[in-house]
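Using our numbering, read the sequence shown as starting at 4 and increasing by one per residue.
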Amino acid sequence: MVDTKKRLGRGLNSLISTTRMEHIEQNIADVPEPISQPIVNKKVMVNSVADLPIEKINTNPHQPRNQWDEAKLLELSNSIKANGLVQPILVRAMGDHYQLIAGERRLRASKMAGLTNIQAIVREATEDQMLEWALIENIHRSDLNTLERAKAYQRYITEFSLTQQQAAEKLGEDRSTISNYMRLLDLTPEVQDMLMGKLITMGHARALLSVQDRHEQIELARHAVQKDWSVRELEKHIRNILSSQSTSEEQAVKNQPSPHIQELQKEFMRTIGTRVTIKQGNGKKHSGKVIIEYYNLDDFDRIRERLT
4 MVDTKKRLGR
14 GLNSLISTTR
24 MEHIEQNIAD
34 VPEPISQPIV
44 NKKVMVNSVA
54 DLPIEKINTN
64 PHQPRNQWDE
74 AKLLELSNSI
84 KANGLVQPIL
94 VRAMGDHYQL
104 IAGERRLRAS
114 KMAGLTNIQA
124 IVREATEDQM
134 LEWALIENIH
144 RSDLNTLERA
154 KAYQRYITEF
164 SLTQQQAAEK
174 LGEDRSTISN
184 YMRLLDLTPE
194 VQDMLMGKLI
204 TMGHARALLS
214 VQDRHEQIEL
224 ARHAVQKDWS
234 VRELEKHIRN
244 ILSSQSTSEE
254 QAVKNQPSPH
264 IQELQKEFMR
274 TIGTRVTIKQ
284 GNGKKHSGKV
294 IIEYYNLDDF
304 DRIRERLT
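So, in structure tokens, the structure goes:
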């Protein structure tokens, strides 16, 4: 049996190359592989071009894109009306229907143009190849939005049990590129929606990743949108907040009693049975306060009896 994952790696090496999608799709025919289940539909021969009913074509379940630019689809639809479909879509036979491998934009635009049939090249394809070609068509040819790309990387890594470094090598990208995209999935859903809706840029989103408090992250993102902050302005506000938090933490550590004083406090608490705080005097080496807390009159009487 052919090593599917090895072939997958070779195909994805061209994903970020300058090779045109038409050339990639042509190369797909060079090394056809049998699918795990036999093709039932015998009406159209494999590797042939056919005029297929659009209603019999199901979409690719591995399609990483979930948002479509309606204006660009309309533009493509008008072009198809005027000039016809220049490049066939790719499908595989599934029973008496077909499943789309690549070309969902062309399929959607053809439906908008009112076509009932569409030219298609029929291929044999495994599930791994379906995922591979869906990634190729979208990442290489039609830009995914930022989060769709992040999810596509995540899915590729998860599906094929890869590390980010292994994925980067197969995709011909820097590991940091994949890492930067995938980190965006750690943003709160509200901030992800702002990024998806293009209210903030990827630069804004990456800056917000340093804000751990989810509520604060959302508030900063909203301010960035409302006040039209640049990435630099947002970074400045984030630095100020983080600096303030750091100062507060340092002050808290500074005000913390020494281990010796903490041990004495515990000893008093064990003896008296209530919270005891020892505060050393400012500037006076051997002075300070011992604060004994009580929470009701019974507590007060109990403490008094122990001290007298």
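Backbone N, C-alpha and C define an ideal beta-carbon position, used for all residues, glycine too.
| query | result |
| --- | --- |
| Which parts of the stretch 204-250 are runs of the alpha helix (DSSP H), unbroken and 4 residues or longer, counting only runs that do not cross its ends? | 205-211 and 217-229 |
| Check VAL194 in the structure and name its three-state DSSP category. | helix |
| With distances taken from CA atoms, which of SER179, GLU296, HIS263 and GLN220 is nearest MET272? | GLU296 |
| Does the beta-carbon of ARG95 have 16 or more other beta-carbons within 10 angstroms, so that it is buried, or is it exposed? | buried |
| To the nearest angstrom, how far is the alpha carbon of THR274 from that of GLN215? | 41 Å |
| Between the Cα of TYR101 and those of ILE203, ALA123, HIS263 and ARG109, spot the shortest distance and give me the residue it belongs to. | ALA123 |
| Does the distance from the C-beta atom of ILE281 to that of PRO260 stay below 8 Å? | yes |
| Measure the CB-CB distance between LEU358 and ILE121 and report whether it falls below 8 Å. | Given that the chain is displayed from residue 4 to residue 311, the structure contains no residue 358 and the question cannot be resolved. |
| Along the alpha helix (DSSP H) that carries LEU79, what are the first and last residues, could you check? | 73-86 |
| Taking its Cβ as the centre, do 16 or more other Cβ atoms sit within 10 Å of GLU78, making it buried, or is it exposed? | exposed |
| Starting from the Cα of GLU107, find the closest Cα among LYS84, TRP136 and MET97 and give me that residue. | TRP136 |
| With 16 as the cutoff for other CB atoms within 10 Å, does GLN132 come out buried or exposed? | buried |
| Can you name the start and end residues of the beta strand (DSSP E) that TYR101 belongs to? | 100-105 |
| Could I get the ranges of all uninterrupted alpha helix (DSSP H) runs contained in the stretch 148-188, with 4 residues as the minimum, in chain order? | 149-162, 167-174 and 178-186 |
| In its own chain, which residues sit with a C-beta less than 6 Å from the C-beta of MET185, not counting the 5 before and 5 after it? | ALA153, TYR156 and GLN157 |
| When you compare only the Cα positions, how much space is there between SER113 and GLU127? | 23 Å |
| Using a threshold of 8 Å, state whether the C-beta atoms of ALA224 and LEU212 are closer than that. | no |
| What whole-angstrom Cβ distance do LYS75 and ALA116 have, given they're in contact under 8 Å? | Actually they are not in contact, since the Cβ atoms of LYS75 and ALA116 sit about 14 Å apart, beyond 8 Å. |
| Can you give me the start and stop residues for the beta strand (DSSP E) that GLN122 sits inside? | 120-125 |
| Look at the alpha carbon of ASN301 and the alpha carbon of GLY291, and state the distance between them as a whole number of angstroms. | Just to set this straight, residue 301 is Asp in the shown sequence, not Asn. Rounded to whole angstroms, ASP301 to GLY291 spans 27 Å at the Cα level. |
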